[in-house]
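Protein chains: 2
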Amino acid sequence: MRVLGVDPGLTRCGVGVVDGGPGGRCKLVHVEVVRTPPDADIGARLLALDLAFTAAIAQYRPDVVAVERVFSQHNVRTVMGTAQAGAVALTAAARAGVRVALHTPSEVKAAVTGNGRADKAQVTTMVTRLLKLTERPKPADAADALALAICHCWRTPMQTKMQEQIALAQRAQGVKR
Amino acid sequence: MRVLGVDPGLTRCGVGVVDGGPGGRCKLVHVEVVRTPPDADIGARLLALDLAFTAAIAQYRPDVVAVERVFSQHNVRTVMGTAQAGAVALTAAARAGVRVALHTPSEVKAAVTGNGRADKAQVTTMVTRLLKLTERPKPADAADALALAICHCWRTPMQTKMQEQIALAQRAQGVKR
Chain U
471 MRVLGVDPGL TRCGVGVVDG GPGGRCKLVH VEVVRTPPDA DIGARLLALD
521 LAFTAAIAQY RPDVVAVERV FSQHNVRTVM GTAQAGAVAL TAAARAGVRV
571 ALHTPSEVKA AVTGNGRADK AQVTTMVTRL LKLTERPKPA DAADALALAI
621 CHCWRTPMQT KMQEQIALAQ RAQGVKR
Chain L
471 MRVLGVDPGL TRCGVGVVDG GPGGRCKLVH VEVVRTPPDA DIGARLLALD
521 LAFTAAIAQY RPDVVAVERV FSQHNVRTVM GTAQAGAVAL TAAARAGVRV
571 ALHTPSEVKA AVTGNGRADK AQVTTMVTRL LKLTERPKPA DAADALALAI
621 CHCWRTPMQT KMQEQIALAQ RAQGVKR
């Protein structure tokens, strides 16, 4: 499974592509950080992101685009930018006929470090190790996008397995939902 | 000036087109409410909005697309949907080469009712009166989209005038910004 992870942001937006192989091995395919100038028109900034996502999806043909699920308990301005950039990524994926998935920051941290409250440095360290990279991906947005993609590769088989187990148990008990 | 106003929302999104004439007269060109099913995939919902905005922009060829500026002090879930739908509208406008503008809900209410804290019924009443409509636009999202477009028609000449006055005053004083 190939996953394109997006750490959404207006000023810096991380885009990371990872191949999830058998046995949980993940492999780096591509990573980039798309930037838009803070003083540019909001329409132009979102369009620049749209073009970058569309180009990356066309080039790397992911099976899934995984985007960070945004919560609004943080700084108002940042959250709006994150929600806007994320929406553009989701729309670009749907336009290309690619499935989308959302993961919360704590799900991503838990998936790659085992701790849902891990800090940025720890996430970067684990992404570097898991993908066997020779250098730490920089800036943090690049590492976060890769962490999102890894998280998706790992969570999905688990979720599918759990759903299968639940379905089996329900069938055994004659329970209908 | 022709303005396409967008009251952004995932479940119901108001789209209203208004022509602003000389002397502040505004004329209704088009109004619709785009709906997407709450149980559909988020990518599919945003793509449906993107297609609707793109079609409306192509058909009515506005000079400006005016979108509600979102604040996050309200309900988290609603705000996220509003930010996402708004981002898709801004991107669709930029892609079509149309200028974008943002107005806050209180700017819109103040523009059409004279009161920044007016309720929805009052906004609908004034939109109906200002556009000389025979029926009240329904649902409220339709009226809000038209109010946004009217607000833009009225605020822009005022802002331009103010900026001209400021520029003149600065030139007179030899002030350079």
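Line by line, the protein sequences are chains U and L.
What the first sequence shows, in this note's numbering, is residues 471 to 647, in sequence order.
What the second sequence shows, in this note's numbering, is residues 471 to 647, in sequence order.
Glycine residues also receive a C-beta, built at the ideal position from the N, C-alpha and C atoms.
On a predicted model such as this, the values are computed, not experimentally measured, just so you know.
Three-state class that DSSP yields for residue i in the structure shown
| i | result |
| --- | --- |
| U/G567 | coil |
| L/L603 | coil |
| U/G490 | strand |
| L/R587 | coil |
| L/V540 | coil |
| L/L480 | coil |
| U/R505 | strand |
| U/K608 | coil |
| L/R647 | Per-residue confidence for L/R647 stands at a pLDDT of 45, beneath the threshold of 50, marking its modelled position as unreliable; no derived number is given. |
| U/R472 | strand |
Interface partners of residue i on chain L, CB under 8 Å
| i | result |
| --- | --- |
| U/V578 | Result: empty, since nearest Cβ-Cβ is about 18 Å, beyond 8 Å. |
Pairwise C-alpha distance: residue j and residue i
| i | j | result |
| --- | --- | --- |
| L/Y530 | U/D511 | 22 Å |
| L/V570 | L/A553 | 15 Å |
| U/T548 | U/L638 | 44 Å |
| L/A562 | U/T583 | 38 Å |
| L/H622 | L/P507 | 30 Å |
| U/R599 | U/E577 | 19 Å |
Chain U contact residues for residue i, given Cβ-Cβ distances below 8 Å
| i | result |
| --- | --- |
| L/R565 | L517 and D520 |
| L/V570 | D511, I512 and G513 |
Residue i vs residue j beta-carbon contact at 9 Å
| i | j | result |
| --- | --- | --- |
| U/D611 | U/G491 | no |
| U/Q592 | U/K579 | yes |
| U/I527 | U/A566 | yes |
| L/A617 | U/L516 | no |
| L/T574 | L/F541 | yes |
| L/K590 | L/A613 | yes |
| L/V535 | L/V597 | no |
| U/V488 | U/D533 | no |
| U/A588 | U/W624 | no |
| U/L519 | U/A555 | yes |
Any chain L beta carbon closer than 9 Å to residue i
| i | result |
| --- | --- |
| U/G494 | no |
| U/D511 | yes |
| U/L560 | yes |
| U/R514 | In the sequence as presented, Arg is not what sits at residue 514 of chain U; that position holds Ala. Yes, contact with chain L. |
| U/A619 | no |
| U/M550 | yes |
| U/V504 | no |
| U/A525 | no |
| U/A528 | no |
| U/A557 | yes |
| U/V499 | no |
Chain U within 9 Å of residue i, Cβ atoms only
| i | result |
| --- | --- |
| L/Q554 | yes |
| L/L474 | no |
| L/A637 | no |
Partners in chain U for residue i, counting only beta-carbon separations shorter than 9 Å
| i | result |
| --- | --- |
| L/V485 | In chain order: nothing, as chain U lies at least about 16 Å away. |
Closer than 7 Å at the beta carbon, the chain U residues around residue i
| i | result |
| --- | --- |
| L/V540 | M550 |
Per-residue contacts from residue i into chain L (C-beta, under 9 Å)
| i | result |
| --- | --- |
| U/A588 | Those do not exist, as U/A588 stays about 24 Å from chain L at its closest Cβ, beyond 9 Å. |
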